[in-house]
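Here's the structure we're looking at; comments come further down.
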Amino acid sequence: MQVRPPLTPAARPGADDPRPACAAPSHGSECMATVKPTIQKYEAGDIIFREGEPSAMAFIVAAGEVALFKESERGLIHLATVGKGELLGEMGAIDTDPRGATAVARGPVTLHAYGRKAFVRRLEDDPDLALRLMVRLSRRLRNANERIARLEPVADVTPEGRSGDESGTSTALVPVTAAAVGGMADGGGGGGASGGGGARGDGLLGRLIGVLKGGSGPKTAESALAGAARVRHPVLAVAGFPERGGEEQRVRVLEALEGLAAVRLRKLDRAVPYSAELDPYTALSGAIGAGRPMLREVGADLLVWGGPDASGRLVELRFLSPWGSTEIERIGMMSPQNALYVPVDFDPSWHVLIQAVTLAAMEPRSEAQGRALVETLPPLAEAAGALLSELPYGLSGLETAQIVGCYGNVLAMVGAWANEPAWLEHAAAAYEEAIRHLPRDADAEWGVLHRSLGLVWQALVERNHPTIGPRQAADAFKAALESFHRDLYPYDWAGLKSRLGLLCYRIHMAEGDPAALRDSINAFQAALQVFSPADTPDRWGEIMHDLAQVLQVYGGQERKPEILTRAVEAANAALQVRPLDRVPLLWAATQNNLGSALFLLFRVTKDAGALHRAREAFHLSAGTYEVQGAKRQADIVARNLRRVENLIDRQGGASAPDPAWARGDGGGAVPPDASDGPEALPLDGGLR
Numbered sequence: 001m002q003v004r005p006p007l008t009p010a011a012r013p014g015a016d017d018p019r020p021a022c023a024a025p026s027h028g029s030e031c032m033a034t035v036k037p038t039i040q041k042y043e044a045g046d047i048i049f050r051e052g053e054p055s056a057m058a059f060i061v062a063a064g065e066v067a068l069f070k071e072s073e074r075g076l077i078h079l080a081t082v083g084k085g086e087l088l089g090e091m092g093a094i095d096t097d098p099r100g101a102t103a104v105a106r107g108p109v110t111l112h113a114y115g116r117k118a119f120v121r122r123l124e125d126d127p128d129l130a131l132r133l134m135v136r137l138s139r140r141l142r143n144a145n146e147r148i149a150r151l152e153p154v155a156d157v158t159p160e161g162r163s164g165d166e167s168g169t170s171t172a173l174v175p176v177t178a179a180a181v182g183g184m185a186d187g188g189g190g191g192g193a194s195g196g197g198g199a200r201g202d203g204l205l206g207r208l209i210g211v212l213k214g215g216s217g218p219k220t221a222e223s224a225l226a227g228a229a230r231v232r233h234p235v236l237a238v239a240g241f242p243e244r245g246g247e248e249q250r251v252r253v254l255e256a257l258e259g260l261a262a263v264r265l266r267k268l269d270r271a272v273p274y275s276a277e278l279d280p281y282t283a284l285s286g287a288i289g290a291g292r293p294m295l296r297e298v299g300a301d302l303l304v305w306g307g308p309d310a311s312g313r314l315v316e317l318r319f320l321s322p323w324g325s326t327e328i329e330r331i332g333m334m335s336p337q338n339a340l341y342v343p344v345d346f347d348p349s350w351h352v353l354i355q356a357v358t359l360a361a362m363e364p365r366s367e368a369q370g371r372a373l374v375e376t377l378p379p380l381a382e383a384a385g386a387l388l389s390e391l392p393y394g395l396s397g398l399e400t401a402q403i404v405g406c407y408g409n410v411l412a413m414v415g416a417w418a419n420e421p422a423w424l425e426h427a428a429a430a431y432e433e434a435i436r437h438l439p440r441d442a443d444a445e446w447g448v449l450h451r452s453l454g455l456v457w458q459a460l461v462e463r464n465h466p467t468i469g470p471r472q473a474a475d476a477f478k479a480a481l482e483s484f485h486r487d488l489y490p491y492d493w494a495g496l497k498s499r500l501g502l503l504c505y506r507i508h509m510a511e512g513d514p515a516a517l518r519d520s521i522n523a524f525q526a527a528l529q530v531f532s533p534a535d536t537p538d539r540w541g542e543i544m545h546d547l548a549q550v551l552q553v554y555g556g557q558e559r560k561p562e563i564l565t566r567a568v569e570a571a572n573a574a575l576q577v578r579p580l581d582r583v584p585l586l587w588a589a590t591q592n593n594l595g596s597a598l599f600l601l602f603r604v605t606k607d608a609g610a611l612h613r614a615r616e617a618f619h620l621s622a623g624t625y626e627v628q629g630a631k632r633q634a635d636i637v638a639r640n641l642r643r644v645e646n647l648i649d650r651q652g653g654a655s656a657p658d659p660a661w662a663r664g665d666g667g668g669a670v671p672p673d674a675s676d677g678p679e680a681l682p683l684d685g686g687l688r
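Next comes the structure, spelled out in structure tokens:
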């Protein structure tokens, strides 16, 4: 199986945008009555922002200290250290120029973060803060100029807070570089914390980590990784391998995994119980029930378990993460039903495949971990692809399918985090190849592989792939549902139903198929039979939001007020579990959804009250998007608000003047005779 080299991954904004929420304004107010900051916490060594990055936020230090550094021809310059009550990043937030320095936490730090416009409003409302800003800017510029003129070294900067503890919960924003793990493909050991020349010794990150370690002068990339090891790295636990010869095979697996840089290995004494005499579902359920407590006891991010198979030919490796089936499905996710088979007494050439599959199974849970994965996994994936082109003779169809399916997860994980469709295309090809090898009685594997294929195809659909359409992804999920029965796998079943709802909606929007719209509603309602606001509030809120959007489209087309009323009720229900202070962007999306449903309800019933409530919902949504810096969404909602305002004006109702964010570049005024409906924000499957 050939793997094309990845394109350079484009920088992507974080999925969890750390910009501030604001208090909900009442209609007609000139600005938000109260600007609430977002609370951000960092640990020693965490990079808050880097020199040259776009400036979108200003911060007030609520606790701790932050060191500011600037790159110069002679090295890294320590500009200043700011503490409690001081401003951070305010220059870029005001003039929108790129960051002029790199900010690093010197111990535990708590920041109050403000978007640019929210920060300007704060300055307008607080003259004392504005005066302090001018004084601090003047002092900081003077000190910085003096230091740069002297080219003062940074050897005296010593980290405070943690000293060598690896038990913290944050992850430093320092990616593992491909160069630093070059020895992985041939089973090399330490991964780059020691050794060798030829590394990028003069880079900013290397010197910065050296500063945090108390050193002076240039540092190599390997030293940078060693410094980063003081923050929490993923923990990989390897359970005991039962049966005869199990420990010998586990030693070989541990030797392979030692080649993973920035991963801490834990060798467990206990084995995960698994009985091949039981039916696969019962045996695997028992293994999961026993393995997850073992994983939690040692605080691991992944548990590798298994051992020699009954034939004595192969070592079977399975992977268990802390994340249960109630979580949203993820591209490249490793399911308990996945297994990687390697030959008994395998030689080091197999290390690269074991490393790649294990690293992909340790799914990133933050943007920092995702960036590190994108640096490390592609070269492993390419080397593993060469190995898979010549699999050992005598593998069964199921064994081949499992190996190729695990490799598909590796490709999919890279494609998702690097945002590279080419990798996703290769992942889909791997899953299809694996499915072709499956025997007819491999029910669980059939479901897992089709779900994985459907997730990749859905991601390509959401990226507007020219040849992959929503029907292909929907068919893959329907095939997966043949194995994921509701009585055995309720959350997996409901998750697949939710994805079918999204795809059927896309089919309708692309083809105008009314049956697809009804299928979408039925699929979402089926998912809501399992997900609940008490047990799974985030998932339930997401599905209610999606259902509200589909119901309003269906109700508007059929001109049925009862369906539009259900859309309003669904949006209001979603808002109950999507609070503004916790998830401002999701709250704003659902407010726009609510406004659209109310707007369409007015169109059908001529109820002026619905129109005024739509105006309020659009106003809240657009204002929040503006404060969060989400301009595209703010422009869409602002256009919706202008439509409502125009209708109110035509009816003779009093209308407050458009706020500033609605008078911007949102597409100009809507003509009085505009009859088109509100614009919807796109539904997506959360697939990065």
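According to UniProt numbering, the sequence shown is numbered sequentially starting from 1.
The beta carbon of each residue, even a glycine, is placed where N, CA and C say it ideally should be.
Predicted, not measured: the structure shown is a model, and the values here were computed from it.
query	result
Stretch pair the region 409 to 425 + the region 374 to 381: three plus CB contacts closer than 8 Å	yes
N- and C-terminal bounds of the alpha helix (DSSP H) containing Thr536	Element bounds for Thr536: n/a, residue is neither H nor E.
Spatial distance of Phe346 from Phe241 (CA atoms)	15 Å
Beta-carbon proximity check, Ala113 vs Gln40, cutoff 8 Å	yes
Three CB pairs or more closer than 8 Å across the region 508 to 518 and the region 301 to 312	no
Three-state secondary structure assigned by DSSP to Tyr554	helix
Alpha-carbon spacing of Glu258 relative to Ala361, whole angstroms	16 Å
Host beta strand (DSSP E) of His112 (start-end)	109 to 115
Phe484 versus Gly405: straight-line alpha-carbon distance, rounded	18 Å
One or two residues paired with Val235 in a DSSP bridge	Arg264
Beta carbon of Arg613 nearer than 8 Å to that of Leu641	no
C-alpha gap between Leu681 and Ala574, whole angstroms	16 Å
Exposure of Val448, with buried meaning 16 or more beta-carbon neighbours within 10 Å	buried
Residues near Gly217 in its chain [Cβ-Cβ closer than 6 Å; skip 5 each side]	Interpretation of Gly217 is limited by its pLDDT of 36, a score under 50 that renders its predicted location unreliable; no figure is taken from the coordinates.
Status (buried if at least 16 other CB within 10 Å, exposed otherwise) for Val298	exposed
Rounded straight-line distance, which links the Cα of Thr400 to that of His465	29 Å
Pairwise C-alpha distance: Ile507 and Gly556	18 Å
Host beta strand (DSSP E) of Glu316 (start-end)	314 to 320
Chain-order list of residues whose beta-carbon lies under 8 Å from that of Tyr341 (same chain, five-residue window excluded)	Asp309, Leu314, Val315, Glu316, Leu317, Leu395, Glu399, Gln402, Ile403
Delimiting residues of the alpha helix (DSSP H) encompassing Phe599	584 to 605
DSSP three-state assignment for Thr565, whether helix, strand or coil	helix
DSSP three-state assignment for Glu433, whether helix, strand or coil	helix
Local Cβ density within 10 Å of Gln552, reported as buried at 16 or more and exposed below that	buried
Contact check, Gly239 vs Ala283, beta carbons under 8 Å	The question names Gly, but residue 239 in the sequence shown is Ala. No, Cβ-Cβ distance for Ala239 and Ala283 is not below 8 Å.
Residue interval of the beta strand (DSSP E) (run including Phe59)	57 to 63
Buried versus exposed, by CB contacts within 10 Å (16 or more), Ala534	exposed
Distance CB(Lys36)-CB(Ala63) smaller than 8 Å	no
First through last residue of the beta strand (DSSP E) which encompasses Arg48	The residue you asked about is not Arg; residue 48 is Ile in the sequence shown. Where Ile48 is concerned, the enclosing beta strand (DSSP E) stretches over 47 to 49.
Outcome for Ser389 when other beta-carbon atoms lying within 10 angstroms are tallied against a minimum of 16	exposed
Start-to-end residues for the beta strand (DSSP E) that takes in Trp350	Taken as a continuous stretch (DSSP letters only), Trp350 belongs to no beta strand (DSSP E), as it is neither H nor E.
Beta-carbon gap between Arg106 and Ala56 smaller than 8 Å	no
Val344, DSSP secondary structure in three states	coil
Nonlocal neighbours in the same chain, by C-beta distance under 6 Å from Leu373, ignoring five residues either side	Pro364, Trp417
Closest residue to Asn593 among Thr110, Gly541, Gln628, Gly629 (Cα-Cα distance)	Gly541
Residues bridged to Ala80 (per DSSP)	Leu68
Rounded separation between Asn409 and Ser452 - CA only	8 Å
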